[in-house]
Structures are given as structure tokens and as C-alpha cells.
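Engineer: Protein chains in written order, with UniProt numbering: chain A, 1 to 120; chain B, 1 to 120.
1. At 8 angstroms on the CB atoms, spell out the chain A contacts of residue 83 (chain B), in chain order.
2. If residue 98 (chain B) and residue 13 (chain B) are in contact, beta carbons under 8 angstroms, what's the gap, nearest whole angstrom?
3. Please state if the CB of residue 29 (chain B) and the CB of residue 63 (chain B) are separated by a distance shorter than 7 angstroms.
4. With 7 angstroms as the threshold, decide whether the Cβ of residue 31 (chain B) is near any Cβ in chain A.
5. Across the segment 31–47 of chain A and the segment 74–84 of chain A, are there enough close Cβ pairs to call them in contact, namely three or more that are closer than 8 angstroms?
6. Determine, using beta carbons only, whether residue 45 (chain B) comes closer than 7 angstroms to chain A.
7. Hey, is residue 36 (chain B)'s beta-carbon within less than 7 angstroms of any beta-carbon in chain A?
8. Is the CB of residue 12 (chain A) under 7 angstroms away from at least one CB in chain B?
9. Does DSSP put residue 71 (chain A) in a helix, a strand or coil?
10. Can you list the residues of chain A that residue 17 (chain B) reaches, using a CB-CB cut of under 7 angstroms?
11. Going by beta carbon distance, what residues of the same chain come within less than 7 angstroms of residue 66 (chain A), once the five residues before and after it are set aside?
12. Give the range of the alpha helix (DSSP H) segment to which residue 50 (chain A) is assigned.
13. If you run the structure through DSSP and keep just helix, strand and coil, what is residue 38 (chain A)?
Written as C-alpha cells, this is what we have:
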């Protein structure tokens with residue numbers, strides 16, 4: 001199946017939002033915001049079996065929110081800020097819509113109260 | 001079950017991110033960014049049975065991303081910008097962590113290259 005750019009973008013956003021919809025995964029992102037860490041460092045604060053914790057790591061990695069690298073026997077994780085920037089851009093686009101609406105509303109009200117204004 | 005403020009906040013974020021992890025629901029948010037709309041107006045662009053579309057509306061409503069109101073026989077939906085502001089705040093907090101890390105790194109490097117600096 002070949003996906004269009006828009007389908008790839010939408011599917012990427014689905015995965016990123018899905019990855020962020022869990023408190024453990026958000027906590028991992030928060031920890032990695034302070035710098036790269038090994039899987040065992042990341043797992044330490046959570047009362048969770050390692051296989052369950054690894055599922056969260058895989059969801060984060062598949063979504064592109066983190067990258068992992070194996071150095072010998074230690075897997076190190078780092079945050080991928082580009083994925084969170086995509087969320088930031090999406091939010092900014094939504095905000096631009098509401099603000100555009102407010103501008104148009106103000107313009108509409110200004111024109112409605114100006115009796116010299118006639119339709120063209 | 002009584003949830004702490006932090007648990008309520010985390011569970012609220014789970015619901016908001018979950019609500020945003022779907023292209024139909026994001027498109028509804030985008031449409032409502034231009035102003036309130038009825039369910040039938042919102043459903044019109046999607047090739048989807050009404051019960052399936054209503055599931056998306058309920059997910060958005062439960063998460064707090066939209067509010068709905070029944071006027072006679074018409075249900076009108078409006079965006080709740082506060083929910084998206086919570087996502088924006090979370091993203092800003094993450095960004096502050098990375099930026100803090102960069103600042104600390106610069107400070108560390110500056111101290112390391114200053115031979116007059118001694119440990120206290």
C-alpha cells in the first residue's frame with residue numbers, strides 16, 4: 001500500500017498522540033527530556049515487570065517519540081524532539097483557526113455597525 | 001475511588017491524547033475551530049454511518065475537547081479550547097526540560113574551562 005503524504009502525516013500524528021496517551025510513557029518522555037538513559041534507569045521508578053515496560057518503550061519508539069541504540073549489552077534511549085514538534089505545529093494550526101474566527105467576528109461586527117458600508 | 005489532583009490530571013491527559021489519536025476526531029476539532037456546528041454538519045464530509053460518527057463525538061465529549069448542547073431536535077457541538085491548552089502546557093513543560101538541559105550543559109562547560117573555579 002502506498003500512502004500519500006497527507007495519509008503518512010495523519011498516521012504519524014495518530015501514533016504520536018497514541019504514544020502520549022499513557023502516564024508511564026509521558027513520564028519516560030519527561031525523564032528523557034533531561035538526557036539519554038538506559039532501559040534499566042528508565043524502568044527503575046516504575047513498579048512494572050520489564051516485559052510490560054518494554055511494550056511502552058516499543059510504542060514510544062514506533063511512534064518516533066524516542067530513538068534507542070544498543071551499545072554492547074546496554075540499550076540507551078533518547079528523546080526525538082521532532083515528534084513533539086509535530087504535535088506543537090498541529091496545536092498552533094488549531095489555535096490559528098480560533099484566532100482567525102475571532103478576527104472575522106470582530107470584522108463582521110465592525111462592518112455591521114458601520115452604516116456607510118454597502119455590499120459590493 | 002477518590003483520585004488525587006495528580007491522578008485526575010494524568011487521567012485527563014490520557015483522555016485528551018486518546019481523543020486526538022484519530023484523524024476523524026482531529027478533523028472535527030479542526031472544523032469546530034471555525035465555529036460551532038450541528039452533528040449533521042460535522043458528519044457530512046465523512047463516509048461513515050451515523051452511529052460510528054457518534055462514537056467519535058462521544059470520545060471527544062468525554063475527553064473534554066468539545067461540549068455539546070441540545071437545542072430542540074438539533075445537537076450543536078463547540079470546541080473546548082481549555083482541553084487543548086492543557087496539551088499545550090504539557091508540551092511547554094517538556095520543552096522547558098530540554099532547554100534547561102542545554103542551559104545546564106553550557107554552564108557545566110563554562111565552569112569546566114574556568115581554572116579559577118574551585119569546588120565548595
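Cβ atoms here follow ideal geometry from the backbone N, Cα and C, with glycine treated the same way. Remember, predicted model here, so these are calculated numbers, not experimental data.
Structural biologist: In short, the structure shows the following:
1. Near residue 83 (chain B) there are no residues of chain A at all, since even the closest Cβ is about 11 angstroms away, more than 8 angstroms.
2. With a Cβ gap of about 19 angstroms, residue 98 (chain B) and residue 13 (chain B) do not count as contacting.
3. Their beta carbons are not under 7 angstroms apart, which means residue 63 (chain B) does not touch residue 29 (chain B) by this criterion.
4. No, no contact with chain A.
5. yes
6. For residue 45 (chain B), no Cβ of chain A is located within less than 7 angstroms of the residue's own Cβ.
7. no
8. no
9. strand
10. 17, 20, 21
11. 32, 60, 77, 78, 79, 80
12. 50–63
13. strand
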